[in-house]
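Notes follow once the structure below has been shown.
2 protein chains.
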Amino acid sequence: MDIGEVARRSGAAASALRFYEEKGLIRSTGRRGLRRQYDPEVLDQVALITLGRSAGLTLDEIGRMLSVGGRAAVDRQLLAKRADALDEQIRQLAVVRDGLRHAAACKERDHLACPKFRRLMGLAVRSAVQRPKSRGKPPRLVP
Amino acid sequence: MDIGEVARRSGAAASALRFYEEKGLIRSTGRRGLRRQYDPEVLDQVALITLGRSAGLTLDEIGRMLSVGGRAAVDRQLLAKRADALDEQIRQLAVVRDGLRHAAACKERDHLACPKFRRLMGLAVRSAVQRPKSRGKPPRLVP
DNA sequence: TTACAACTTCAAGTCGACTTGAGGTCAAGG
DNA sequence: CCTTGACCTCAAGTCGACTTGAAGTTGTAA
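Keeping their order, the protein sequence lines are chains C and H. If you count the first sequence from 1, position 60 lands on 1005 in this note's numbering, and the numbers rise without skipping. If you count the second sequence from 1, position 78 lands on 1023 in this note's numbering, and the numbers rise without skipping.
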């Protein structure tokens, strides 16, 4: 397949696909003339990348996860560890979400005066402090 | 309070606080010499900013909520929408986590070839040709 | 009074994930 | 054969939220 077809079928821009390839997240099978050719299986990989991106993972993280193809038990440990880290990240996001949801529902005029909100906010802040700062573009939101 | 104390107590860097002030998200009460002075209530505002940031709001959005009077004029719709977006993000993270966890346990060398993994990832079922036609409920297709 | 830590301003740099633009190549259809 | 549109490379630009660095000022403790 040409890059254009991959783009059409995956929803990712051709420029993004070139970028992924440059970063080693996907591979083309060769060229036809100048043009990159891709196997259909690349569609799965791009889908995985897209999924990871919308979950807020960086391309580096995704790359690391993709690259552990059936290797040793070391990698199993690594994978399990990453899953645990995701659990933690999910927990933190849930706290923030609860805070937001309460703020949206609370009748209190000034949210900063609501004890419940303040408590939730405190939690969110504390967990935000110890989290690595995520820079760059925020995750692509799925509407 | 000096900016340094606000930084210490809020967890935000002094440079970030100056940045927030420049953007109109917080206000100093004046100067002592050159130095900005802050009221303690700025701590609440910074906490709110931090909460909003970790929920994925932009400083502009947060600024709009903070800008009306001293009270936080929170946009409930926006907050609810953001909470929903967080739900979605959490859902996607959970999918990735489950995939990782499965990959850690699965013997398959190529995870993309494993049906269970594919199902977890919500990937389209591959090559229907080589699998027996199932009677009963057709698989739910993920678009 | 002097040292110095803590501030100040302003410009420029950084990070991640791409996008955009200029200028060039090429395969296929008419 | 010629056109055309889809591709190519490479450099630079973009966006948000800060950070960093240089160069200067000042409150305060010794």
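Quick reminder that beta carbons are idealized off the backbone N, C-alpha and C, glycines included.
Between LEU988 (chain H) and VAL951 (chain H), the C-beta spacing is below 8 Å. Following the DSSP letters along the chain, one finds GLY949 (chain H) inside the alpha helix (DSSP H) bounded by residues 948-955. Residues of the stretch 1019-1039 of chain H with a Cβ closer than 7 Å to any Cβ of chain C, in chain order: VAL1019, ARG1021, LEU1024, ALA1025, ARG1027, ALA1028, ALA1030, LEU1031, ASP1032, GLU1033, GLN1034, ILE1035, GLN1037, LEU1038 and ALA1039.
Legend: CB atoms of the stretch 975-1000 of chain H lying less than 9 Å from CB atoms of chain C belong to residues GLU986, ASP989, GLN990, VAL991, ALA992, LEU993, THR995, LEU996, GLY997, ARG998, SER999 and ALA1000.
Counting C-beta atoms within 10 angstroms of its own C-beta, VAL1019 (chain H) has 16 or more neighbours from the protein chains shown and is therefore classed as buried. Here the C-alpha atom of GLU1053 (chain C) lies approximately 41 Å from the C-alpha atom of LEU1004 (chain C). If the five residues before and after LEU1023 (chain H) are omitted, its C-beta is found closer than 7 Å to the C-beta atoms of GLU1006, all from its own chain and listed in chain order.
Under the DSSP assignment, GLY978 (chain C) falls outside any beta strand (DSSP E); it carries neither an H nor an E label. Scanning its chain for C-beta atoms nearer than 6 Å, with the 5 sequence neighbours on each side dropped, one finds around TYR965 (chain H) the residues ILE971, in chain order. Our two residues, CYS1059 (chain H) and SER955 (chain H), have alpha carbons roughly 48 Å apart in a direct line. For ILE971 (chain H), the three-state secondary structure derived from DSSP is coil.
Neighbours of MET1066 (chain H) in chain C, taken as residues whose beta carbon is under 9 Å from its own, are ASP989, ALA992, LEU993 and LEU996 in chain order. Residue range 1021-1050 is occupied by the alpha helix (DSSP H) that includes GLU1033 (chain H).
Using a CB distance cut-off of 8 Å, LEU1002 (chain C) counts as an interface residue toward chain H. By the C-beta density criterion, GLY949 (chain C) is exposed, having fewer than 16 other C-beta atoms within 10 angstroms.
With at least 16 other beta carbons inside 10 angstroms of its own, VAL991 (chain C) counts as buried.
As the crow flies, the alpha-carbon of ASP947 (chain H) is around 9 Å from that of ARG977 (chain H). Within chain H, the residues whose beta carbon sits less than 8 Å from that of ALA1048 (chain C) are VAL1019, ARG1021 and LEU1024, listed in sequence order. Chain C places a beta carbon closer than 8 Å to that of VAL1041 (chain H), counting this residue as a contact. Between LEU1065 (chain H) and GLY1001 (chain C), the C-beta gap is not smaller than 8 Å, which leaves the two residues out of contact. Between the alpha carbons of ASP1032 (chain H) and GLU986 (chain H) lies a distance of about 31 Å.
Residue state for ARG1063 (chain C) is assigned as helix, using DSSP reduced to three classes.
The residue among C:LEU1057, C:LEU996 and C:GLN982 with its C-alpha nearest the C-alpha of ASP1043 (chain H) is C:LEU996. By the criterion of a C-beta distance shorter than 8 Å, HIS1056 (chain C) is surrounded in its chain by ALA1048 and PHE1062, once the five residues flanking it on both sides are discounted. At least one CB atom of chain H sits nearer than 8 Å to the CB of MET1010 (chain C). Residue burial annotation: LEU979 (chain C) is exposed, with fewer than 16 other C-beta atoms found within 10 angstroms of its C-beta. In this structure ALA1069 (chain H) is exposed. Its beta-carbon is surrounded by fewer than 16 other beta-carbon atoms within 10 angstroms. With its beta carbon less than 8 Å from one in chain H, LEU1045 (chain C) belongs to the interface.
Residue nearest to LYS1026 (chain C) within the set H:ARG1021, H:ALA1050 and H:GLU967 is H:ALA1050 (criterion: CA-CA distance).
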